[in-house]
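A.B. asks: Here it is, the structure in full.
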Amino acid sequence: MGAFAIHAADAVQATRFNATRYAKHRLSLPIATLQFLGSIWLILRIIEVVQAADAPLVLPITPGSLVFATFMIALGKGAIDGYNRMVRNPSLVFSLSQPVSRRSIVAAKLLTVFSFNMAFVTFALGTATAMIVALRMQIPATGLFVPSLVIAAPAGLASGFAMSVTASLSTWRRKITGLAMLATLPAALWVVIVQNEPPMGNIFAFLLAIMPLTIVAALATSEWLAEAWNIQTSSPAKSGTRALRSFRLPWMTDPEAAVFDKEFKTSWRKREIAISFATLGFLSATLASVPFLLGEPPSGPVARLVVPALAMAGAWIGSALVLTSKGLSSVGGEFDSIWILRTAPIDGHVVAVGKVGTSVLFVPAVVAASLPLAILAGLSWSAIVLVAFAAASVGFLMTAVGLYFGSRSPSFDRNTGGLPDSFTMYAVFILGLVVCAVVIGPAALVFLQERALGLLAAILVADISALVLLGATRSAGRRIDVLET
Amino acid sequence: MLVARDVFKRYGEVVALNGVSLELARGEVFGLLGSNGAGKTTLMKIFATLLRPDSGTASVGGRDVVMDPIAVRRMIGFVPETPALYDKLTGREFLNMIARLRYMTPEKTEAGIEEMKALFRMGAELEREADGLSRGMKQKLALSSALFHRPPVLILDEPTNGLDPRFAKVLKAWLVEYARAGNTVLLSTHVTQVAESVCDRIAVVHEGDMVALGTVGDVLAEFSSSSLEDAFTAIVGD
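The listed protein sequences correspond, in order, to chains A and B. Residue numbers for the first sequence follow numbering that gives the first Met the number 0, beginning at 0 and rising by one. Residue numbers for the second sequence follow numbering that gives the first Met the number 0, beginning at 0 and rising by one.
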């Protein structure tokens, strides 16, 4: 009963937060829904066209690798949700101090993470099924592929959820031991369903076997919940904090630099900067491994676009995870401390500039993350330069999109770390993808016709993208000015 | 110095302020009393430019809070009822940030911080991240952020919350002295003794209406009470 009471409170709170946000911006829900439907249709249509063309796949994409990717995405989401909703949530004290077992609390939070994320997965798959039937699309879905996806998602969520606890333990030895124990699950999954390329039935059976194990592992972390929560919600009793040098970007005024300095120090001490660099590093290494997977460089008019397209996809994923997410939580992430900036004698634009400064620092990192693939795949120097400018444009545009929506409809929910709900985040990421394609696409087309002109177009596009970011910053400033808290 | 004229504010169906009018003079300590949810915090947030009135006007030093919020913020120091600070900034970094947002010179900033250190007897705590500080220490930091730049108007929502009796006494004495130097202090409190010992005038807010206004003596006389606690109970009911 205790678990259901906690879960019910989570559900009511999340529903009211979202209802309030959507009520403030009545058009945001229909627009997000349209984007969502459009993106599902687009994905299905791409699969249909590729299938109809009967083109040989350049990349080793198998049903097993797609299921594994779903598992890993869910693992990341489960880790973030587990951390924000449970391990780093100060309000958990009201559950911990009740006569409820720790296991019930973990079960409640796991149920919350499951229900919110699986609602999204179910909605996406249901919409896709409805579209396939209604539009008579020719999508080759082998019998057990979709059920495997449906099982991979909660298995990944539970694994990530468990990792959020073990990664928060008191010493590095305990953290690493906990993470290493849990890492055996994705490792086993990789070996069994990706490396061995078994038939779909075996993949499904294996997932069915490990899914209960992931839930048991998540529930077992209740033994360490109190330790992890105490570590993450209180500072160690230390006599002082290591001072960080203040630095400012050259174009900033003193108040802008003050906001930037606060953002930078906070991100540094919360290890957000380290996590962002690690994310981009992992992405870069994954992309860099593609040429080795391919063996021979792809040839032919379509195949030679594969490497630049993959580099752009990497820039988009990296920007979405690091820049758009930061933009989305830029205002909401202030939580109850928003009074400090709102009662200082500065306008909202100063706040927005200070906040966007820390994001801009990561744009070169996004560019750097996309270059190893381009270099190792043997692209010409001009194509590498094109990729660099295009990646910079993606970075600017994705920051702009996140900042715009993060200031338009901020979520002050500590349970989500100031991020909006999954549906809104997905819609914003997809909108960012469309904006990037529309802005960068023409430069790429020009490049295919005339290289020098294409490079000039790419530079122009990067400038335009930076201007879009300036526009988004101005818009965010106006939104912050009229914010009532 | 602070003027509210027929200020009306509602949250959905709930009327928080029902046409409140108020005028505070320079050199005055003014106390807002009221039960929970009476509308005190809403009125203070309107003066601090955090909320806009649905109708009516409010101004600080002749500047309208809606039309000229930046000018208003230059004149005020504000502390909310539960002041959330930046968890990962040290006390000194936090105060330095506030100083930079207000274009204070490094000398003036350092002098202000030293004054607050002495007032609240803060030492090594100032070099620690806020999330490791006690409730009282966080309150001292929040108060310091409002006081150390010496604004002409202080708006303090429950300023003695979390302070032990010794520092509550220190703060009350400091506020009276600060007001006598020609500044204005608007504070809200649940503690009638604070109002009695500090405030030149008080107002009692009840369900969005201002139901009593005057010196402590005026209010006691109006409600035939021997203490402010009795008068307050007589006004808002048991």
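Even for Gly, the Cβ is constructed at its ideal location relative to N, Cα and C.
So, are the CB atoms of residue 472/A and residue 352/A less than 8 Å apart?
C.D. replies: Yes. Within cutoff.
A.B. asks: Going along chain A, which residues have a C-beta under 9 Å from residue 47/B?
C.D. replies: Neighbours of residue 47/B on chain A, chain order: 338, 341, 342.
A.B. asks: Measure the alpha-carbon distance for residue 244/A versus residue 256/A and round it to whole angstroms.
C.D. replies: Each residue's alpha carbon lies about 13 Å from the other.
A.B. asks: If we cut at 8 Å on Cβ distances, does residue 166/A have a partner in chain B?
C.D. replies: No, residue 166/A does not count as interfacial toward chain B.
A.B. asks: Indicate the three-state DSSP secondary structure (helix, strand or coil) for residue 187/A in the structure shown.
C.D. replies: Helix at residue 187/A.
A.B. asks: Given that a residue counts as buried once 16 or more other Cβ atoms are within 10 Å of its Cβ, and exposed if not, what is residue 98/A?
C.D. replies: Exposed, by the Cβ-count rule.
A.B. asks: For residue 69/A, which of 96/A, 128/A, 420/A, 147/A has the nearest alpha-carbon?
C.D. replies: Closest option to residue 69/A, Cα to Cα, is 147/A.
A.B. asks: The alpha helix (DSSP H) spanning residue 376/A covers which residue range?
C.D. replies: First-last for residue 376/A: undefined, no H or E at that position.
A.B. asks: Give the list of continuous beta strand (DSSP E) stretches no shorter than 3 residues that lie fully inside the segment 3 to 47 of chain B.
C.D. replies: Qualifying beta strand (DSSP E) stretches, in chain order: 13 to 23, 28 to 33.
A.B. asks: With H, G and I counted as helix, E and B as strand and the rest as coil, what does DSSP make of residue 170/A?
C.D. replies: In this structure, residue 170/A counts as coil in the three-state DSSP scheme.
A.B. asks: Leaving out five residues before and five after residue 181/B in sequence, what residues of the same chain have Cβ atoms less than 7 Å from its Cβ?
C.D. replies: The residues are 25, 26.
A.B. asks: Quick check on DSSP: helix, strand or coil for residue 148/B?
C.D. replies: Residue state, collapsed to three classes: coil.
A.B. asks: Looking at residue 29/B and residue 199/B, is the spacing between their C-beta atoms short of 8 Å?
C.D. replies: In contact: residue 199/B and residue 29/B (Cβ atoms closer than 8 Å).
A.B. asks: Count the other CB atoms, across all protein chains shown, that sit within 10 Å of the CB of residue 100/A; report buried if there are 16 or more and exposed otherwise.
C.D. replies: Exposed, because fewer than 16 other Cβ atoms sit within 10 Å of the Cβ of residue 100/A.
A.B. asks: Mark residue 231/A as exposed unless 16 or more other C-beta atoms lie within 10 angstroms of its C-beta, in which case mark it buried.
C.D. replies: Label assigned to residue 231/A: buried.
A.B. asks: Go ahead and pull the three-state DSSP assignment for residue 231/B.
C.D. replies: Residue 231/B: helix per DSSP, three-state reduction.
A.B. asks: Would you identify the three-state DSSP class for residue 92/B, choosing helix, strand or coil?
C.D. replies: Residue state, collapsed to three classes: helix.
A.B. asks: Identify each residue in the segment 59 to 74 of chain B for which the Cβ-Cβ distance to at least one residue of chain A is less than 9 Å, and report them in chain order.
C.D. replies: Result list: 68, 69, 70, 71, 72, 73, 74.
A.B. asks: In the DSSP output, what is residue 205/B paired with across the bridge?
C.D. replies: Note: residue 205/B sits in a beta bridge opposite 208/B.
A.B. asks: Looking only at C-alpha atoms, which of 251/A, 428/A, 72/A sits nearest to residue 319/A?
C.D. replies: Here the closest residue by C-alpha is 428/A.
A.B. asks: Can you say whether residue 122/B is buried or exposed, counting buried as having 16 or more other CB atoms within 10 angstroms of its CB?
C.D. replies: So residue 122/B counts as exposed.
A.B. asks: Might you give, ordered along the chain, the residues of its own chain that have their beta carbon closer than 8 Å to the beta carbon of residue 103/B, omitting 5 neighbours on each side?
C.D. replies: Once the five neighbours on either side are set aside, the close Cβ partners of residue 103/B are 111, 148.
A.B. asks: How far does the alpha helix (DSSP H) with residue 115/A in it reach, from first residue to last?
C.D. replies: First-last of the alpha helix (DSSP H) with residue 115/A: 101 to 133.
A.B. asks: What is the DSSP secondary structure of residue 222/B, counted as helix, strand or coil?
C.D. replies: In this structure, residue 222/B counts as coil in the three-state DSSP scheme.
A.B. asks: In chain order, what residues of the segment 100 to 125 of chain B put their CB closer than 8 Å to some CB of chain A?
C.D. replies: Listed by position along the chain: 100, 101, 102, 123.
A.B. asks: State the Cα-Cα distance for the pair residue 93/A and residue 129/A, rounded to the nearest angstrom.
C.D. replies: Each residue's Cα considered, the two are about 43 Å apart.
A.B. asks: On the three-state DSSP scale, how would you describe residue 62/B?
C.D. replies: Looking at residue 62/B - three-state DSSP - the assignment turns out to be strand.
A.B. asks: So for residue 154/B, helix, strand or coil by DSSP?
C.D. replies: Strand.
A.B. asks: Counting beta carbon pairs with one atom in the segment 311 to 325 of chain A and one in the segment 389 to 400 of chain A, are three or more of them shorter than 8 Å?
C.D. replies: Yes: the two stretches touch, three or more of their Cβ pairs being nearer than 8 Å.
A.B. asks: Closest by CA to residue 95/A, which one among 7/A, 421/A, 261/A, 2/A?
C.D. replies: When only C-alpha atoms are compared, the closest one is 2/A.
A.B. asks: Taking only beta-carbon positions, decide if residue 415/A is within less than 8 Å of chain B.
C.D. replies: With 8 Å as the cut-off, residue 415/A does not count as an interface residue toward chain B.
A.B. asks: List the residues of chain B that residue 257/A touches, going by C-beta distances under 7 Å, in chain order.
C.D. replies: Ordered by position in chain B, the residues that pass the 7 Å Cβ test against residue 257/A are 96, 99, 100.
A.B. asks: Compare the Cα-Cα distances from residue 12/A to each of 414/A, 62/A, 166/A and report the closest residue.
C.D. replies: Nearest of 414/A, 62/A, 166/A to residue 12/A, Cα basis: 414/A.
A.B. asks: Should residue 87/B and residue 130/B be called a contact, given that it needs their Cβ atoms to be closer than 8 Å?
C.D. replies: Yes, they are a contact pair.
A.B. asks: Residue 75/B by DSSP, collapsed to three states: which one?
C.D. replies: Reduced to three states, the DSSP call for residue 75/B is strand.
A.B. asks: Is the Cβ of residue 334/A closer than 8 Å to any Cβ of chain B?
C.D. replies: Residue 334/A counts as touching chain B.
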